[in-house]
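Chains as they are written, first to last, in this note's numbering: chain A, 471 to 812; chain B, 471 to 812; chain C, 471 to 812; chain D, 471 to 812.
The beta-carbon is built from N, C-alpha and C at its ideal position, and this holds for glycine as well.
This structure is a prediction, so every number in the text was calculated from the model and none was measured.
Number of protein chains: 4
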Amino acid sequence: MSTKRIQVALAGASGYTGMETLRYLQYHPVFEVVRVYGNQSAGNTLDSIYPAYAGVYDMTILPLDDIALENADAVILALPHGRSAAAVYKLLQAGYKGKIIDIGSDFRLKTSEDYLNWYNLKHPHPELLDRFSYGLPEFNRFALRGSDYVANPGCFATAIQLGLLPLAINALTSTVHITGITGSSGSGASASPTTHFSTRTSNLKAYKVFRHQHLGEVGQQLGILAEKNVSVAFTPVSGPFVRGIWMTLSGELNQTCDLSEIFESVYYNAPMVRLRSELPELKTVAGSAFADIGWQQDADNFTIGVAIDNMGKGAAGQMIQNLNLMFDLPEETGLLHSGNIL
Amino acid sequence: MSTKRIQVALAGASGYTGMETLRYLQYHPVFEVVRVYGNQSAGNTLDSIYPAYAGVYDMTILPLDDIALENADAVILALPHGRSAAAVYKLLQAGYKGKIIDIGSDFRLKTSEDYLNWYNLKHPHPELLDRFSYGLPEFNRFALRGSDYVANPGCFATAIQLGLLPLAINALTSTVHITGITGSSGSGASASPTTHFSTRTSNLKAYKVFRHQHLGEVGQQLGILAEKNVSVAFTPVSGPFVRGIWMTLSGELNQTCDLSEIFESVYYNAPMVRLRSELPELKTVAGSAFADIGWQQDADNFTIGVAIDNMGKGAAGQMIQNLNLMFDLPEETGLLHSGNIL
Amino acid sequence: MSTKRIQVALAGASGYTGMETLRYLQYHPVFEVVRVYGNQSAGNTLDSIYPAYAGVYDMTILPLDDIALENADAVILALPHGRSAAAVYKLLQAGYKGKIIDIGSDFRLKTSEDYLNWYNLKHPHPELLDRFSYGLPEFNRFALRGSDYVANPGCFATAIQLGLLPLAINALTSTVHITGITGSSGSGASASPTTHFSTRTSNLKAYKVFRHQHLGEVGQQLGILAEKNVSVAFTPVSGPFVRGIWMTLSGELNQTCDLSEIFESVYYNAPMVRLRSELPELKTVAGSAFADIGWQQDADNFTIGVAIDNMGKGAAGQMIQNLNLMFDLPEETGLLHSGNIL
Amino acid sequence: MSTKRIQVALAGASGYTGMETLRYLQYHPVFEVVRVYGNQSAGNTLDSIYPAYAGVYDMTILPLDDIALENADAVILALPHGRSAAAVYKLLQAGYKGKIIDIGSDFRLKTSEDYLNWYNLKHPHPELLDRFSYGLPEFNRFALRGSDYVANPGCFATAIQLGLLPLAINALTSTVHITGITGSSGSGASASPTTHFSTRTSNLKAYKVFRHQHLGEVGQQLGILAEKNVSVAFTPVSGPFVRGIWMTLSGELNQTCDLSEIFESVYYNAPMVRLRSELPELKTVAGSAFADIGWQQDADNFTIGVAIDNMGKGAAGQMIQNLNLMFDLPEETGLLHSGNIL
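Written out as structure tokens, the structure is:
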């Protein structure tokens, strides 16, 4: 391929989404990582943080404070709540001309009130909120193509929307009951009681029932895309695996219809969504940027199954998909790969 | 304790429910295992099949064909579909006077039509079906006390009913959407693609969506106990753990009510059910005979969580609870123990 | 059983060894837990710390500072390094007349120099060291019977000695190479990088190669029991499971002999050791107080396999075995049980 | 890249090594899969066997019997014992002119006597044995470059040799005690008792102690490369994870030396071997084609740790490395990638 490589910089090298971003960039034919930034990890080489990158990446992590000097074609932000907004502000103040994509949550919600409500934090730079497009390509592809600033959706929010929106935008149901099970990588790299091996192994545990913060994004999107509101009752669950989200969305159809037709028409030309003849397995998407969707109907009752890798289509994989669109590349560029199948 | 020990015999020593029956009987103060029977395992000692029983049980497994000679106070059947009915027939023909409890599925359904429908097998002895009581003590305690013949419920059927019946018998909802995740021990000791370590690890996979055979029992019980039918949409799922069933039951209440009051009144005096202030964890019940239940309401939407060990309250543990009742012992005798907490 | 119950108190209720002590005491016919003490957990009920104990234990945890008032027949200490010595001092100062067993490491080594060397801590009460007997019943049974103060061995130290001492005391080898893999419960209940689910799953990682602190105990015992020193090269490894230690001990015999004869003679009349015809499986001992040992010889090369539950024979189970001896009960009382076999 | 693509065909599409071969070929810049063959899987598409390949590979599997018609630049054989030899015979009979690499065991041993001895099978085509080179590039790189027929080493044989040969060829030790733990993928895709999730989870189990068939290859290589024989005592172990081999090699040095110097000189210019400052973790190599090696010395005692992915450097990854050499490409082409790091 003779395409000139597009240079990208990554802020947040040592967290899981940063680590996974680098994993996807190993295989990408166009994007080239030129610099990585970190906070506590600054000064270390990438392979001292992630020994699996020995022989693959040999960069030294730069201090996050130096991000203002960055002039790559794009900056990828993989930072904690509130830190992305600060970094964007700093970049723009310094006159940065390139594109920015934020894997974190700072620019997903359109109002600072919503941000306060769902994250219990005052947004540090509310004036920047309306510059960002919401990066769910399957429902926003045209706005994303060529866009300069994109907010990558949350992992649960991605899975919920991919299963729910086809019904919601066609007003086919009024209440959806969701059980979504997530892997431990969703809790990040810091040790905590919820990710302790001794208690997470062979366990399932619900948390934030009916009040997970990703419901903010989902509600915002429903408001934009669906004429009538749909009630969403979501039970998030911690599961005994590292990667992935596996979800059932159940309810009753309020009109007779064939879900196959609905899903096939909505995801026509969506290369990162694979429609399945039955509810998908989790393992099939682990390590990949694909979302797999299947469904079952029994009279008016339906159950839709959605499987994504929370770090793939739920984070770094979708970020690459968005970045492809931002640079007017085919959205699937560098992403048509399986993960470790076993 | 000066109580005379009650002698029990076990048919089906090498399967998982037989193995687990022996595990519960290790701790029971009244029941004493006097003989074990098996088919392919006959002639071997128990600890050659389960090395963990070395130093605990030293019996040799007798040929299943010799069951007709059995004269223990009770016979426990832990046999495959269709094999229990044959054993019961043989015992009764031979004049066996003791009690019988079947952990398997042969006597759960009241009609041979239902059996054919759900198990795709002609029932070998339909004339025996009405002798058996359905052993879900929390909803049938009085019939079970002193009973001679009891059919132990299915594992999923137990979890579903414990979560569903309190609502159904009070006509509080009309449709319940259930996602229930089961461990690999539910598939038995034979190797099969669904229990292959390489594919089950870190995976979740739905199967028999809307048509699991345990729905037969559930429907039968709903017909007996609930005035109006409740629609049950059940998605069974294979999970990456060995023991347990963890389940969400979701829907809308059709009248305002406080689920806490409902559950507390139904499970008042139910020693093997523990009501929780939030959705229960799976690990808390693994290895025990308890069922843990918690719930969450948001306006009319509800999610009920039920956790059992599929081999405990879902099989051998509940069998002991039933056997206690059959011999007029307190139903929790020998069962107020935790499993391996880690 | 008409035996008067022996009353025991437990200090350190919320850690894993305290939790596991309570699990063993569920089944014990003679010992009765009358009080539990804790530090940060004081004021809480046991089942609020370990929900699996709901319906099993309903005690409230007392402040550890009140231990001085204790007058039970025995006090079991399940406390961090250095804290046991302080508790023993306090008890004795207050005139406590009962027995004491320490699951922790404070009284395993005979000299404060060794303690400083292996734990990098000044021993707070070196004057108490020689009151304690080392509680490895298979090699010290007579000293333990009726003893008042016992130090329970470390988990790795138990596994190493059970495999090594039969050879060492018979001077059959000069160097033993050991690879021992331990479960995450060995790292305790606090979250840490080494017990993070995301990194421990599907992983194996060596640590403290050749310098694990349990080598102190092993060396001390070798000095007492073996005429000639044996060189021990030990690689401890973190494994992807919660319970258990699985170990290979390899080397060359310096004289022709039949290991079966050696092991059978050493472990004749050792009810908690099960000799196996091949290297043992880990799962067979998980949740139990048994140690399983097997071996293989090829000319002069040998490999001995030892499997224990690090919280069973490696901690709480062995503690019960010692406590049985201290009260002149058969050492296996309450211990001839399997764990969760699956 | 303007390089003309080299066309390869794969025989054995549905087994794990075939599946993994396709995974590596996703990322390879030069090799292109043009046809896949299978036996029972013939007629199916690749993604019906491995749903993770939907959107990645859309080929239909051809009947293995048609392999004789193959004319690709290279044929990769991923077939069971004895089946590769038959396929090679067929190809050569049909006048096939391209290169052949066998991932299986048929051409690793130089004599049919050895094959009979280690595999208990009469070799079907002993006349073909001497055409194949043994594909361990780190010790045979020059013979492999440009070679037409290569036998890929066994997974355990690879790990053992990478740790052992640096010492053996320098005559630094006389006996090496090895404990090697392998993932369930090593047992292949067929369900069997040793890969049952219920028994493999949280377990460790030794098998074929001192007599694993890969010792045949190791002995053959020792005979070629090491002046004096080294005694190898190997305990293979089944571990509770899917991918990888993690191994300790322990013994005593018979002369004072610095292992760092030894390993650094042997693996100078070995791009797929990463030398580590401590014993390597398993997770670091899972999904990759790297071998990670670390060591620790204490006086004369040494422990060397080797970690590989049994399907990577132990099978498909090493096969690509060999194929690169066979086509005179840099041996690391397409392989400098991490796997799923989590």
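Query                                                                                                                         : Result
Contact belief for L719(C) with V776(C) at Cβ below 8 Å, rounded distance in angstroms                                        : 7 Å
T628(D) burial status per 10 Å Cβ neighbour count (16 or more: buried)                                                        : buried
Beta-carbon proximity check, S708(D) vs S655(D), cutoff 9 Å                                                                   : no
Spatial neighbours of N514(A) in its chain, beta-carbon cut-off 6 Å, leaving aside the 5 residues before and after            : I531
Residues near E687(B) in its chain [Cβ-Cβ closer than 7 Å; skip 5 each side]                                                  : R578, L579, P623, G624, A627
Cβ neighbours of L591(D) in the same chain (closer than 8 Å, five flanking residues each side left out)                       : H551, G552, Y585
Nearest-angstrom Cα separation, counted from G693(C) out to N610(C)                                                           : 14 Å
Where the beta strand (DSSP E) containing F704(D) begins and where it ends                                                    : 701-708
Contact set between the segment 764-785 of chain D and chain C, restricted to residues whose Cβ is under 7 Å from the partner : Q766, D768, N771, T773, G775
Under 9 Å by beta carbon: chain B residues contacting R713(A)                                                                 : S672
is_contact[L806(D), chain A] using C-beta, thresh 9 Å                                                                         : yes
is_contact[Y486(A), chain D] using C-beta, thresh 9 Å                                                                         : yes
Integer Cβ distance of P710(B) from T652(B), believed to fall under 8 Å                                                       : Actually they do not touch by this definition, with Cβ atoms about 11 Å apart.
Against chain B: residues of the segment 653-686 of chain A by CB proximity under 7 Å                                         : S668, T669, S672, N673, L674, K675, A676, V679, F680
Sheet register partners of E502(A) (DSSP bridge)                                                                              : Q477(A)
Residue burial classification, S730(A) (beta-carbon count within 10 angstroms, cutoff 16)                                     : exposed
Pair within 9 Å by beta-carbon distance, I573(B) and A548(B)                                                                  : yes
Cβ-Cβ distance between S484(B) and Y520(B) below 9 Å                                                                          : yes
Best match in K698(B), G784(B), M717(B) for proximity to F704(B) [C-alpha to C-alpha]                                         : M717(B)
Nearest neighbour of T726(D), chosen from N699(D), L642(D), P499(D) [CA to CA]                                                : L642(D)
Residue-level contact to chain A via CB, P706(C), 9 Å cutoff                                                                  : no
Cβ of A638(D) within 9 Å of any chain A Cβ                                                                                    : no
Near-chain C residues of the segment 555-577 of chain D (beta-carbon distance less than 9 Å), N- to C-terminal order          : none
Minimum Cβ-Cβ distance from P710(A) to chain C less than 9 Å                                                                  : yes
Per DSSP, the bridge partner or partners of R744(A)                                                                           : D762(A)
Near-chain C residues of the segment 642-653 of chain D (beta-carbon distance less than 7 Å), N- to C-terminal order          : T645, H647, T649, I651
Where the segment 489-511 of chain A meets chain D: residues whose CB sits under 7 Å from a CB there                          : M489, R493, Q496, Y497
Within chain A, the residues that L812(D) reaches when beta carbons sit closer than 7 Å                                       : Y486, S655, V712, R713
Rounded straight-line distance, which links the Cα of M529(B) to that of L516(B)                                              : 6 Å
DSSP-derived helix/strand/coil call for L532(A)                                                                               : strand
Beta-carbon proximity check, L695(B) vs L635(B), cutoff 9 Å                                                                   : yes
Min CB distance Y604(B) to chain C below 9 Å                                                                                  : no
Classification of R475(D) by the beta-carbon crowding that lies within 10 angstroms, buried from 16 upward                    : exposed
Below-9 Å beta-carbon distance, M471(C) vs any chain A residue                                                                : Confidence is the limiting factor: at M471(C) the pLDDT is only 43, short of 50, which leaves the residue's position unreliable, though a coordinate-based value still follows. No, its Cβ sits nowhere closer than 9 Å to a Cβ of chain A.
Supposed contact pair G605(A) and D614(A) - C-beta distance, whole angstroms, cut 8 Å                                         : The amino acid occupying residue 614(A) in the given sequence is Leu; Asp does not appear at that position. Going by Cβ atoms, the distance from L614(A) to G605(A) rounds to 6 Å, so yes, they are a contact pair.
Proximity test, Cβ basis, 9 Å: P750(B) and chain C                                                                            : yes
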